[in-house]
């Protein structure tokens, strides 16, 4: 909220919750201070070119389709041009909005970092956030047609039945 008026995303989330009968809980916010990562991007646990993560709940066949870009992309978030803090807040809002809209597969464009003055921290922050996010069950680097190393496919959990908690 700013100036006492609800932000468009807040209004949208509340409307979706009421429409879909989801609980009134709000998604967790991004911490005000993002921890500094003390390693260069080439030492990131995901590597500079490929990102892969899978929970046991996703069948291998679905994960292979995700990696090959063969699942239907239901929404896209473009984070190019945003700061680290803005990117994480947009990512958080986007994931919850997508979940409430029953989207299962989305594309996150974090950029390749060619215009950054140093390592691509946004890519690293996005990948670390996605791996630990409660709604994410898998992620894989996008195919070149969808942005390659500057994008990632994300598979979200199935929405719960009406009234269930997230």
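In my numbering, the protein residues as written are 43 to 208. Beta carbons: idealized from backbone N, C-alpha and C, even for Gly.
Starting from residue 117, follow its DSSP beta bridges and name the residues at the other end. 148
Assign residue 99 to one of three DSSP states: helix, strand, or coil. coil
Using only CA atoms, which one of 181, 132, 167 lies nearest to residue 97? 181
With DSSP run on the structure shown, which of helix, strand or coil describes residue 177? coil
Going by CA-CA distance only, name the one from 129, 140, 184 that's closest to residue 171. 129
Unbroken alpha helix (DSSP H) run spanning residue 126, endpoints: 126-142
Cα-Cα, which of 95, 143, 178, 132 is closest to residue 123? 132
So what's residue 198 in DSSP terms, helix, strand or just coil? strand
Cβ distance (whole Å) where residue 107 is taken to contact residue 100 below 8 angstroms: Contact doesn't hold; Cβ gap of about 10 angstroms is too wide.
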